[in-house]
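To start, the structure itself, in structure tokens.
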Amino acid sequence: FNGEGVMLTSSHCLLNENRNSHLNKTQIDTKLKEIFGLKQIIWLENGFIKGDDTDHHIDTLARFIDKNTIAHCICEDEEDEHYLPLQKMKEELKKTGFDLIELPIPKPLYYEGRRLGATYANFVFINNALIVPFYKDKNDEIIAKRLSKALPNHKIIGVDARVFLRQNGSLHCSCQNR
Numbered sequence: 518f519n520g521e522g523v524m525l526t527s528s529h530c531l532l533n534e535n536r537n538s539h540l541n542k543t544q545i546d547t548k549l550k551e552i553f554g555l556k557q558i559i560w561l562e563n564g565f566i567k568g569d570d571t572d573h574h575i576d577t578l579a580r581f582i583d584k585n586t587i588a589h590c591i592c593e594d595e596e597d598e599h600y601l602p603l604q605k606m607k608e609e610l611k612k613t614g615f616d617l618i619e620l621p622i623p624k625p626l627y628y629e630g631r632r633l634g635a636t637y638a639n640f641v642f643i644n645n646a647l648i649v650p651f652y653k654d655k656n657d658e659i660i661a662k663r664l665s666k667a668l669p670n671h672k673i674i675g676v677d678a679r680v681f682l683r684q685n686g687s688l689h690c691s692c693q694n695r
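The numbering used here runs 517 ahead of the 1-based position in the sequence shown.
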């Protein structure tokens, strides 16, 4: 939610058989607008983070950081399975008219042989701070600088979130706030 009546979601999550099998996209869209008083819902058709067991919850992919700006994951490694889906998601987001901030995903992390769902989009707002998952990765500092520039009135606090990933989530998943 951007605080101005716009919600961001992924179609894969809300249209998944395990959630809303009795409703179609139009019905879900109507219900969400009614419940939350929304003007618009942005439905992303692309993007995923390997290791996420939530059917592509939006908090792993793209998030509003203010009423005009969406921070979103990208993959810079053309050989990585995330590259093309996240590029397609970026193209979708460009069409929304919102300002965009790219959050390069960290290098792959593994636990017991499986790739973990490491993403910087799983941050948490608290008062005048933003707690950001860090992964002991070269992108940690890049992300901190980008978010600090975009949110000059917020302190950016990086927290090692690697242990959270073992349970298929990160910071935002663990606290369930905005």
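Every residue gets a Cβ at the ideal spot worked out from N, C-alpha and C, and that includes glycine. The model shown is predicted, which means the values in this text are computed figures rather than measured ones.
- Under the three-state reduction of DSSP output, Ile622 falls in the coil class, being neither helix nor strand.
- Membership of Ala678 in any beta strand (DSSP E) is not indicated, and neither H nor E is assigned to it by DSSP.
- In the assembly as shown, Val680 is an exposed residue. Its beta-carbon has fewer than 16 other beta-carbons within 10 Å.
- Counting C-beta pairs closer than 8 Å gives fewer than three between the region 643-656 and the region 608-617, which falls short of the contact rule.
- Boundaries of the alpha helix (DSSP H) harbouring Thr547: Lys542 to Phe553, taken from the DSSP string.
- The beta carbon of Ala588 sits closer than 6 Å to those of Arg580, Ile582, Ile618 and Leu620, all from its chain and outside the five residues before and after it, given in chain order.
- Taking C-beta atoms under 8 Å as the contact rule, Cys530 and Asp572 qualify, at a distance of about 5 Å.
- When the beta-carbon positions are compared, Val649 and Phe642 stay at least 7 Å from each other.
- Positions of the beta strand (DSSP E) runs, each at least 3 residues long and wholly inside the region 556-615, are given as 557-561, 579-583 and 586-591 in order along the chain.
- With contacts defined as CB atoms closer than 7 Å, Ile575 and Ser527 qualify as a contacting pair.
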